[in-house]
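Report on the structure given below.
Number of protein chains: 2
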Amino acid sequence: MLEDMARPTTATHDELLAAAARRFAVTGYKGTSLQDIARDVGCSKATVLYHFASKDALLCELMAPAITMLEELDARIAAHTGAEARRAAADGFVDLAVRFRREIALLRGEFPDLLQQPAFAHIQQISERLVAAFAGFSDRPEARVAALVVLAGIAETCGEFLDIPDEQLRPALLAVAYRALEVTT
Amino acid sequence: MLEDMARPTTATHDELLAAAARRFAVTGYKGTSLQDIARDVGCSKATVLYHFASKDALLCELMAPAITMLEELDARIAAHTGAEARRAAADGFVDLAVRFRREIALLRGEFPDLLQQPAFAHIQQISERLVAAFAGFSDRPEARVAALVVLAGIAETCGEFLDIPDEQLRPALLAVAYRALEVTT
DNA sequence: TCAGGTGCTGACCGATCGGTCAGATCCGCA
DNA sequence: TGCGGATCTGACCGATCGGTCAGCACCTGA
Chain A
1 MLEDMARPTT
11 ATHDELLAAA
21 ARRFAVTGYK
31 GTSLQDIARD
41 VGCSKATVLY
51 HFASKDALLC
61 ELMAPAITML
71 EELDARIAAH
81 TGAEARRAAA
91 DGFVDLAVRF
101 RREIALLRGE
111 FPDLLQQPAF
121 AHIQQISERL
131 VAAFAGFSDR
141 PEARVAALVV
151 LAGIAETCGE
161 FLDIPDEQLR
171 PALLAVAYRA
181 LEVTT
Chain B
1 MLEDMARPTT
11 ATHDELLAAA
21 ARRFAVTGYK
31 GTSLQDIARD
41 VGCSKATVLY
51 HFASKDALLC
61 ELMAPAITML
71 EELDARIAAH
81 TGAEARRAAA
91 DGFVDLAVRF
101 RREIALLRGE
111 FPDLLQQPAF
121 AHIQQISERL
131 VAAFAGFSDR
141 PEARVAALVV
151 LAGIAETCGE
161 FLDIPDEQLR
171 PALLAVAYRA
181 LEVTT
C-alpha cells in the first residue's frame with residue numbers, strides 16, 4: 001500500500017508526459033492541443049500547465065533523453081575520422097533511431113519549426129555533422145544525396161515499426177543503410 | 001500590350017498558388033495561415049477565399065498535377081509484375097519526386113492528417129502499393145523496412161535540393177535507391 | 001446612361017489556441 | 001487546532017485561426 005508513495009506527486013507528471021508522447025506521435029506537436037493531453041489523462045488544461053511551464057517545455061522534457069543520446073553520438077563521431085567516423089555515425093544513428101523511435105516519430109515534419117527554438121538550436125549543427133559523416137565527408141552531390149536519403153529515411157521510417165522488437169529492426173535498418181551508403185569513391 | 005490579356009483574371013489566382021506553394025514548403029500546411037499567403041501577394045485574406053473555396057481547396061489545386069502523376073505511376077506499376085514492377089516503381093517515383101519536389105516538400109509530416117481528407121483518401125492505398133513494389137512484393141520485414149526507408153528518404157529529401165538541376169538529382173536518387181533496394185532474396 | 005458581372009476588401013463571426021490567475025481542496029506537521 | 005505548501009481547477013485573457021458577408025470600384029455591353 002505504501003509501494004513507492006515516496007514521490008506520489010510525480011504520478012500525474014509522468015502520466016501527462018506519456019499522454020503527450022502518444023498524442024504528438026499521432027497528430028504531431030502543432031496538431032495536438034493541451035486540451036487533448038489533459039483530456040487523455042483526465043485532468044484540466046490548467047493542470048498540464050501547472051506541471052510544465054509551457055507546451056514547449058513539455059516537448060523539451062519529452063525529447064531530453066533522445067537529445068542527450070544524440071549529443072553523445074556527435075561526440076563519438078568527432079573522436080573518429082574517415083571511414084571509422086562514418087561507421088560510427090551509421091551504427092550510432094540507427095541505434096538512436098530504434099531506441100527513440102517514438103520520440104523521433106513525433107517530430108515528423110515539425111523539425112524546421114522546432115529547430116528555430118533556442119533549446120533545440122544546436123541540433124541543427126549536429127545533424128549537419130551527421131549528414132557529413134554519412135556522406136563520408138565528401139561534398140560530391142551524389143554522396144550528400146545518399147546521406148540525406150538514408151538519414152531522413154531512417155528517421156521517418158523507424159516510427160512506423162513500433163510493433164517489431166528492437167533486435168529485429170536494428171539490423172534491418174543497418175543493412176539498408178550500409179547498402180545505400182556504399183558510395184563509389 | 002494585349003499579350004495574353006485574354007484571361008487577365010487568373011493572374012492573382014496564379015500568384016496566390018505560387019505564394020502558397022512557397023509558404024507551405026517552408027512552414028507546412030498547418031503552419032501557414034491564409035493571412036501569410038495574402039500578405040505575400042499583397043492582397044487581403046478575403047481575396048484568397050474569393051479565388052479558392054477553402055484552404056483545403058487551395059492545397060488540392062496545388063497538389064493536383066503531382067497526384068495525377070502518382071496515379072499514372074500506380075497504373076504503370078500494376079501493368080507489370082515482379083522485378084519489372086519494382087524497377088518501374090523506383091524509376092517512376094524518383095521521376096515524380098524530382099519533378100514535384102516542391103509540392104512533395106510541403107506535405108512534410110502532414111501526410112497523416114491530409115490523408116484523412118476525402119480528396120486524398122486513395123493516396124494512402126497507392127502509397128501502400130508503392131511500398132509493396134519497392135519491397136519486391138515480399139513481406140519479409142527487412143524488405144519492407146528497406147522499401148519504406150528509401151521511399152520516405154526520397155520523399156523527405158528531394159525538397160532539400162531545390163538548387164540543383166533535375167538531370168543531376170534524378171540519377172543521384174536513382175543510384176541510392178537501387179543500391180538500397182538490392183535486397184538479398 | 002445604366003444594369004450587371006468581376007475582382008476585391010474591411011469588418012466581423014465562432015472556435016480554438018497557449019497561457020494566467022485567484023481560489024478551492026487536501027495534505028503533513030507543529 | 002490551525003498553518004503552509006503542494007496539487008488542481010474553472011473562469012478568463014488576448015491572439016489567431018478559417019470562413020462569411022455586405023458592399024465598393026471597375027469594366028463591359030446593351
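So the sequences go chain by chain: A and B.
Its first residue numbered 1, the first sequence is counted upward by one per residue in UniProt numbering.
Its first residue numbered 1, the second sequence is counted upward by one per residue in UniProt numbering.
Where a beta carbon is used, it is the ideal one built from N, C-alpha and C, also for glycine.
Since the model is a prediction, treat every value here as computed from it, not as a measurement.
By the neighbour-count definition (other C-beta atoms within 10 Å, threshold 16), B:Y50 is an exposed residue. In this structure, A:R101 is the residue among A:K55, A:R101 and A:A38 with its C-alpha nearest to the C-alpha of A:R170.
Following the DSSP letters along the chain, one finds A:H51 inside the alpha helix (DSSP H) bounded by residues K45 to H51.
At least one beta carbon of chain A lies nearer than 8 Å to the beta carbon of B:R179. Annotation for A:R76: the continuous alpha helix (DSSP H) segment containing it runs K55 to A78. When the alpha-carbon of A:R144 is set against those of A:E182, A:Q168, A:L58 and A:M69, the nearest one is in A:E182. For A:P165, the three-state secondary structure derived from DSSP is coil. For B:K30, the C-beta contacts it makes with chain A under 9 Å involve G28, K30 and G31, in order along the chain. In terms of beta-carbon proximity, B:Q168 lines the interface with chain A, with at least one pair separated by less than 8 Å. Taking a contact to require three or more Cβ pairs closer than 8 Å, the region 139-154 of chain B and the region 148-164 of chain A qualify as touching. By the C-beta criterion, the region 58-67 of chain B is judged to be in contact with the region 14-21 of chain B, since at least 3 inter-stretch pairs fall below 8 Å.
Nothing from the region 72-103 of chain B brings a Cβ to less than 9 Å from some Cβ of chain A. A:L174 places its beta carbon 8 Å or farther from that of A:A75. Counting every other CB atom within 10 Å of its CB across the protein chains shown gives A:S44 a total below 16, marking it as exposed. In chain order, L16, L34, I37 and A38 place their CB closer than 7 Å to the CB of B:V48, counting only its own chain and leaving out the 5 sequence neighbours on each side. Put simply, of A:A155, A:V150, A:T32 and A:Q168 the residue whose alpha carbon is nearest the alpha carbon of B:A177 is A:V150. Excluding the 5 residues flanking it on each side, B:A146 has same chain C-beta neighbours closer than 8 Å at F134, A135, A180, L181 and V183, in chain order. Taking 8 Å as the threshold, the shortest C-beta distance from A:P165 to chain B does not fall below it. In the three-state scheme derived from DSSP, where H, G and I count as helix and E and B as strand, A:F93 is classed as helix. DSSP places B:S138 outside both helix and strand once states are collapsed to three, so it counts as coil. Taking C-beta separations shorter than 7 Å and ignoring five residues to either side along the sequence, the partners of A:K55 in its chain run L34, following chain order.
Neighbourhood of B:L115 in chain A, by CB distance below 9 Å: empty, with the nearest CB roughly 13 Å away. B:I37 does not reach chain A, its nearest Cβ partner there being about 17 Å away, counting only Cβ pairs nearer than 9 Å. Nearest C-alpha to A:H80 among A:A53, A:F137, A:A119 and A:T68: A:F137.
Distance from the CA atom of B:F93 to the CA atom of B:L114, rounded to whole angstroms, is 20 Å. In this model, B:S127 and B:A25 are separated by some 21 Å (Cα to Cα). In this structure, the beta-carbon distance from A:A152 to B:T157 falls below 8 Å. The closest CA to that of B:P65, considering only B:A172, B:V131, B:A85 and B:L96, is found on B:L96.
For A:E160, no alpha helix (DSSP H) encloses it, and the DSSP letter there is neither H nor E. Listed by position along chain A, the residues whose Cβ is nearer than 9 Å to that of B:F161 are P141, R144, V145 and L148. The Cβ atoms of B:I77 and B:A83 do not sit closer than 8 Å to each other. Considering only B:H13, B:A88 and B:E72, the residue with the shortest C-alpha distance to B:A53 is B:H13. A:E71 counts as exposed, since fewer than 16 other C-beta atoms from the protein chains shown sit within 10 angstroms of its C-beta. The criterion of a C-beta distance shorter than 8 Å is satisfied by A:L148 and A:V131.
Across the structure, B:A172 and A:Q124 are spaced so that their CA atoms are roughly 24 Å apart.
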